[in-house]
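Q:
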Amino acid sequence: MAFSMKQRANTGLARKAASATNRVPALVVRSVAAPAAPAAATEAKNAYGVFRLSYDTQNEDPSLTRSWKKTVKVAVTGASGNIANHLLFMLASGEVYGKDQPIALQLLGSDRSKEALEGVAMELEDSLYPLLREVSIGTDPYEVFGDADWALMIGAKPRGPGMERADLLQQNGEIFQVQGRALNESASRNCKVIVVGNPCNTNALIAMENAPNIPRKNFHALTRLDENRAKCQLALKSGKFYTSISRMAIWGNHSTTQVPDYINARIGGMPAPDIIRDMKWFREEFTPKVALRGGALIKKWGRSSAASTAVSVADAIRSLVIPTAPGDCFSTGVISDGNPYGVRDGLIFSFPCRSTGDGDYEICDDFIVDEWLRNKIRATEDELQKEKECVSHLIGMMGGACSLRGVEDTTVPGEN
Ligand code: LMR
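Per UniProt numbering: the sequence shown = residues 1 to 416.
Printed below as a string of structure tokens:
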């Protein structure tokens, strides 16, 4: 289902969301009339269509908004799912982009989730967030990504029973090919893209390769969740609060081959191995515990992590819009082209990065890579290369055979 912005006509359904006394801007709900449709079935389908909630900024108190920045447009896919259900309210509250940053949320769902998406929009509306200027929902990525400054790509198919990782790569790859093309056509030319849906590194690669109008540098795969998990384990083991842990890098794939780097990590400014003097623990407990955390959570919950994933998406955004503290880093999966560690070009690979807070970043070049780390990095790099070969047809490359059928499954942490 799709109808273009031009076909929309707003009808005048308006109501106040807050009293004049607390000066929260009045809310206008603009429902969207369905375009003239040739068949009754199409008409019924479009009647759910897209609707848009937007604040009537004419009536607001200028002292509240004078210092605010220009509204940031944030598109979110998988918007009626569990992760988004945590994330959207953090975004709308101002705790992610800042208390002076008004936000428009552009939510993408599927035909199946349209009603749930309307429910999400209703809950956002009922939460009276002054910074939330607009909520729009839809099922057409070309429309929903329109002018987006950020795209948070959460939606992906979970793996069904008996499905091989090669099948998952194929199915989700197709989704990210379509969405990459839609970003290319509709989003802001400097849109920042964070891919959460698994296998997130290769999905990000597919979206990037299908969006040549957007800088390759702007595509991220979420490995901040792994960084947070690693910090948690170091804090528990050392008895130090997690805020004292810095330079906690994750290298490579968001999979069980990921490399949580304890060699360069610091606790209270000291090398982590000088505080936790137990190399056996680092290699045999810390590393697998971080890499398999997603799977351990699924066993407890019966579903993937949602709240902690949403928190880590918020952290990943903050890492790009707030300058990195001197000497620290954050982990994110980014294009490996020209990296200082000899990882081959053309992969979305997690590196330690730094940002000046303008949405851009650079890969840190001062991390020590010893032989153990180098071997681990090579293994996760090889895995990403194999994943890339399995989706070569989705990224416009001549490809070889997919070698990920019938082999040990390491790709998605939650599935092990
Ligand atoms: C996680 O690390 O918790 C998730 O990526 C797991 C999953 O497969 O959804």
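We put the CB at the ideal spot given by N, CA and C, even for glycine.
All values reported here derive from a predicted model rather than from experimental measurement.
Helix, strand or coil: which one does DSSP assign to Gln179?
A: Looking up residue 179 in the sequence shown gives position 179. Three-state DSSP puts Gln179 in a helix.
Q: Please report the distance separating the alpha-carbon of Val96 from that of Ile317.
A: In the sequence shown, residue 96 corresponds to position 96, counting from 1. In the sequence shown, residue 317 corresponds to position 317, counting from 1. Cα to Cα, the separation comes out at about 7 Å.
Q: Who are the Cβ neighbours of Ile377 in its own chain at under 8 Å, not counting the five residues just before and after it?
A: Your numbering for residue 377 matches position 377 in the sequence shown. Only Trp251, Gly252, Val259, Tyr341, Val343, Val369 meet the Cβ criterion.
Q: For the ligand LMR, I want to know if Ser305 counts as a neighbour, meaning its beta carbon is within less than 7 Å of at least one of the ligand's heavy atoms.
A: Counting from one through the sequence shown, the residue named residue 305 turns up at place 305. Ser305: yes, Cβ under 7 Å from the ligand LMR.
Q: How should Asp149 be labelled, buried or exposed, when 16 other C-beta atoms within 10 angstroms of its C-beta is the threshold for buried?
A: As a working mapping, residue 149 is identified with position 149 in the sequence shown. Burial call: buried.
Q: On the premise that Leu108 lies in contact with Gly138, defined as a C-beta separation below 8 Å, what is that separation, rounded to the nearest angstrom?
A: As a first step, residue 138 must be located in the sequence shown, where it is residue number 138. As a first step, residue 108 must be located in the sequence shown, where it is residue number 108. Indeed, because the Cβ distance is near 6 Å, the residues count as touching under 8 Å.
Q: Just to confirm, is the Cβ distance from Arg405 to Ala121 under 8 Å?
A: Here residue 405 is taken as the residue at index 405 of the sequence shown, counted from 1. Here residue 121 is taken as the residue at index 121 of the sequence shown, counted from 1. Not closer than 8 Å, so no.
Q: What are the uninterrupted segments assigned as beta strand (DSSP E) that are 3 or more residues long and contained completely in the segment 173–252, given in chain order?
A: Here the runs fully enclosed are 192–195, 219–221, 249–251.
Q: Provide the residue span of the alpha helix (DSSP H) that contains residue 431, from first to last.
A: Within the shown structure, residues of the chain are numbered from 1 to 416, placing residue 431 beyond reach of any answer.
Q: Can you list, in chain order, the residues of its chain whose CB lies under 6 Å from that of Ala39, leaving out five sequence neighbours each side?
A: Looking up residue 39 in the sequence shown gives position 39. With a pLDDT of 35 at Ala39, under the threshold of 50, the predicted position of this residue should be treated as unreliable, and no value is reported.
Q: Between which residues of its own chain and Lys386 is the CB-CB distance below 6 Å, once the five residues before and five after are set aside?
A: Within the sequence shown, numbered from 1, the residue matching residue 386 stands at position 386. If we look at Lys386 and ignore the five residues flanking it on each side, its Cβ neighbours are Ser403, Leu404.
Q: Would the C-beta of residue 449 count as close to the ligand LMR, meaning under 7 Å from any of its heavy atoms?
A: Missing from the structure shown is residue 449; the chain here goes from 1 to 416 and no further.
Q: With hydrogens ignored, establish whether the beta-carbon of Asn82 is closer than 7 Å to any heavy atom of the ligand LMR.
A: The count along the sequence shown starts at 1 and reaches residue 82 at position 82. No; taking the cut-off as 7 Å, the Cβ of Asn82 has no heavy atom of the ligand LMR nearer than that.
Q: Report the three-state DSSP secondary structure of Phe282 (helix, strand or coil).
A: Locating residue 282 in the sequence shown gives position 282, counting from the first residue. Three-state DSSP puts Phe282 in a helix.
Q: Does the Cβ of Phe241 have 16 or more other Cβ atoms within 10 Å, making it buried, or fewer, making it exposed?
A: Along the sequence shown, read from residue 1 onward, the residue named residue 241 stands at position 241. Exposed: under 16 other Cβ atoms inside 10 Å.
Q: Could you name the residues of the same chain whose beta carbon sits closer than 8 Å to that of Asn172, not counting the 5 residues immediately before and after it, in chain order?
A: Translated into the one-based positions of the sequence shown, residue 172 becomes position 172. Ala156, Lys157, Gly197, Asn198, Pro199, Asn203.
Q: Please work out which residues of its chain come closer than 8 Å, Cβ to Cβ, to Ser67, disregarding the five sequence neighbours upstream and downstream, and give them in chain order.
A: Taking the sequence shown and counting its residues from 1, one reaches residue 67 at position 67. Only Asp100 meet the Cβ criterion.
Q: State the Cα-Cα distance for the pair Asp140 and Thr77, rounded to the nearest angstrom.
A: Sequence index remark: in the sequence shown, residue 140 carries index 140 (1-based). Sequence index remark: in the sequence shown, residue 77 carries index 77 (1-based). So the alpha carbons of these two residues sit roughly 11 Å apart.
Q: Excluding the five sequence neighbours on either side, which residues of its own chain have a C-beta within less than 8 Å of the C-beta of Met5, listed in chain order?
A: As a first step, residue 5 must be located in the sequence shown, where it is residue number 5. Low per-residue confidence applies at Met5: pLDDT is 30, beneath 50, and the placement is therefore not dependable, though the value from the model is reported in the following sentence. Glu143, Gly146.
Q: Beta-carbon separation of Val195 and Leu222 under 8 Å?
A: By one-based count along the sequence shown, residue 195 stands at place 195. By one-based count along the sequence shown, residue 222 stands at place 222. Yes; because the gap between Cβ atoms is below 8 Å, this pair is in contact.
Q: Taking the C-alpha atoms as reference points, what is the distance between Gly98 and Leu394?
A: Stepping through the sequence shown from its first residue, residue 98 is reached at position 98. Stepping through the sequence shown from its first residue, residue 394 is reached at position 394. Going by the C-alpha atoms only, they are around 37 Å apart.
Q: Quick one: which unbroken alpha helix (DSSP H) runs of 4-plus residues sit fully inside the segment 56–95? Chain order, please.
A: Runs found: 62–65, 82–93.
Q: For Cys329, report the span of its beta strand (DSSP E) as first-last.
A: What you label residue 329 is simply residue 329 of the sequence shown in a count that begins at 1. Segment: none, Cys329 is in no beta strand (DSSP E) and carries neither H nor E.
Q: Ordered along the chain, which non-local residues of its own chain (more than five positions away) have a Cβ less than 6 Å from that of Met208?
A: Translated into the one-based positions of the sequence shown, residue 208 becomes position 208. Hits under 6 Å: Arg216, Phe219.
Q: Mind checking which residues open and close the beta strand (DSSP E) that includes Leu117?
A: Along the sequence shown, one-based indexing puts residue 117 at 117. Where Leu117 is concerned, there is no enclosing beta strand (DSSP E), although the alpha helix (DSSP H) it sits in stretches over 114–126.
Q: Going by the C-beta, is Asn198 closer than 7 Å to any heavy atom of the ligand LMR?
A: As a position in the sequence shown, residue 198 is number 198, starting the count at 1. Asn198 Cβ: within cutoff of the ligand LMR.
Q: Please tell me whether, using a cut-off of 7 Å, the distance from the CB of Leu225 to the nearest non-hydrogen atom of the ligand LMR is below it.
A: Translated into positions along the sequence shown, residue 225 becomes position 225. Result yes, Cβ under 7 Å from the ligand LMR.
Q: Cβ of Arg354 within 8 Å of Cβ of Cys364?
A: Stepping through the sequence shown from its first residue, residue 354 is reached at position 354. Stepping through the sequence shown from its first residue, residue 364 is reached at position 364. Yes.
Q: Please state whether the Cβ-Cβ distance between Asn184 and Ile206 is less than 8 Å.
A: Residue mapping note: residue 184 aligns to position 184 of the sequence shown, counting from 1. Residue mapping note: residue 206 aligns to position 206 of the sequence shown, counting from 1. It is not a contact, given that the beta carbons lie outside the stated cut-off.
Q: Candidates Pro102, Met279, Gly269: which alpha carbon is nearest Trp372's?
A: Counted from its first residue, the sequence shown places residue 372 at position 372. Comparing Cα-Cα distances from Trp372 to each of Pro102, Met279, Gly269, the minimum goes to Met279.
Q: Taking the DSSP output, what are the residues bridged to Asp360?
A: Mapped onto the sequence shown, residue 360 falls at position 360. Beta-bridge pairing links Asp360 to no other residue.
Q: My output table needs one value for Gln258: the three-state DSSP class, helix, strand or coil.
A: Along the sequence shown, one-based indexing puts residue 258 at 258. It is coil, neither helix nor strand.
Q: Say yes only if the C-beta of His254 is nearer than 7 Å to one or more non-hydrogen atoms of the ligand HEM, and no if none qualify.
A: The ligand content of the structure shown is limited to the ligand LMR, which means the ligand HEM is not among them.
Q: Reducing DSSP to helix, strand and coil, say where Leu384 ends up.
A: Position 384 of the sequence shown holds residue 384. It is helical.
Q: Answer yes or no: the CB of Gly302 versus the heavy atoms of the ligand LMR, is any distance below 7 Å?
A: Locating residue 302 in the sequence shown gives position 302, counting from the first residue. No, since every heavy atom of the ligand LMR falls outside the 7 Å radius drawn around the Cβ of Gly302.
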